[in-house]
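Here the structure comes first, spelled out in C-alpha cells, and everything after it is commentary.
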Amino acid sequence: MAQEIKMSAAGLKAMQEELEYLKTVRRKELAEEIKEARSHGDLSENSEYDEAKNTQGLVENRITELEQMIKNAVVIDESELSVESVSVGTHVTIQMTGEDETEEYDIVGRTEADPLNGKISDESPVGHALLNKAVGDKTEVLLPTGHTVEYTVLAITHSQG
C-alpha cells in the first residue's frame with residue numbers, strides 16, 4: 001500500500017495546478033520543440049533535439065510523480081486541527097536551549113516543505129522531533145551534522161499558510 005502524503009488543501013491545489021499545466025501546456029510546447037528540432041535534419045548531431053527529448057522525459061517523470069502524490073494525498077482539515085500539540089498543519093515557535101532567539105516554523109507534509117520560507121516537513125529531524133509535543137515540552141534533535149540540540153516549544157497555533 002502506498003504511503004499517505006499529508007498536505008494542506010492549498011498544497012494539493014498547487015500540485016493539481018502544476019499537473020494540469022504540465023499535461024496541457026508544457027507537453028504541447030515540448031512537442032513543438034521536438035518537431036522544430038527534427039526539421040533541422042540529422043538527429044544524431046542535433047543538440048536541440050536531444051535537449052528537448054531530455055526535457056520531455058523530465059516532464060513525464062514529474063507528471064507521474066505528481067499523479068502518485070495526488071492519489072495518495074490526505075488533506076489536513078485545519079478546522080479540526082488541535083493546537084494542544086504539534087502536528088502537520090500547525091505553526092510552532094521554538095527556542096534552542098542556550099539561545100536568546102526563537103525560531104518559527106509551519107509543520108507541513110514532505111511535499112510542501114520549504115525550509116527557506118519557514119515550512120519544515122514532519123519527516124525532517126526537527127519537524128519529527130516536535131510532533132506531538134505541547135507548549136513547554138523539550139525535545140532533543142539529532143541534526144544531520146551529528147550534533148544534538150535541545151528545543152523548547154514556546155507556542156503552537158494554526159498554520160499561517
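In UniProt numbering, the protein residues as written are 1 to 161.
Where is the CB? At the ideal position from N, CA and C, for every residue including glycine.
- In terms of Cβ geometry, glycine 127 and glycine 11 do not form a close pair [threshold 8 Å].
- In this structure asparagine 132 touches valine 86 by the C-beta definition: roughly 6 Å separates them, less than 8 Å.
- For isoleucine 107, the uninterrupted beta strand (DSSP E) run begins and ends at 102-108, by DSSP.
- Counting along the chain, serine 121 sits inside the beta strand (DSSP E) bounded by residues 119-121.
- Within the DSSP bridge table, the entry for leucine 142 names Thr148 as partners.
- When secondary structure is reduced to three states using DSSP, lysine 13 falls in the helix class.
- Across the structure, histidine 158 and methionine 96 are spaced so that their CA atoms are roughly 21 Å apart.
- Cβ-Cβ separation between leucine 154 and valine 141: approximately 15 Å, too far for a contact (criterion under 8 Å).
- Per DSSP, glutamine 3 has no beta bridge partner at all.
- Within the same chain, and ignoring the five residues on either side of leucine 116 in sequence, no residue has its Cβ closer than 6 Å to its Cβ.
- Between alanine 31 and the set Lys53, Leu43, Met15 and Tyr21, the nearest pair of CA atoms involves Lys53.
- Excluding its 5 nearest sequence neighbours in each direction, tyrosine 105 has C-beta neighbours in its own chain below 6 Å: Val92, Gly118 and Ile120, listed in chain order.
- Inter-residue distance for glutamate 48 and glutamate 112 is about 33 Å (C-alpha atoms, whole angstroms).
- Judged by their CB atoms, glutamine 16 and isoleucine 76 are not nearer to each other than the 8 Å cut-off.
- Beta-bridge partners assigned by DSSP to aspartate 114: Lys119.
- Taking a 10 Å sphere around the C-beta of threonine 90, we find 16 or more other C-beta atoms and assign the residue as buried.
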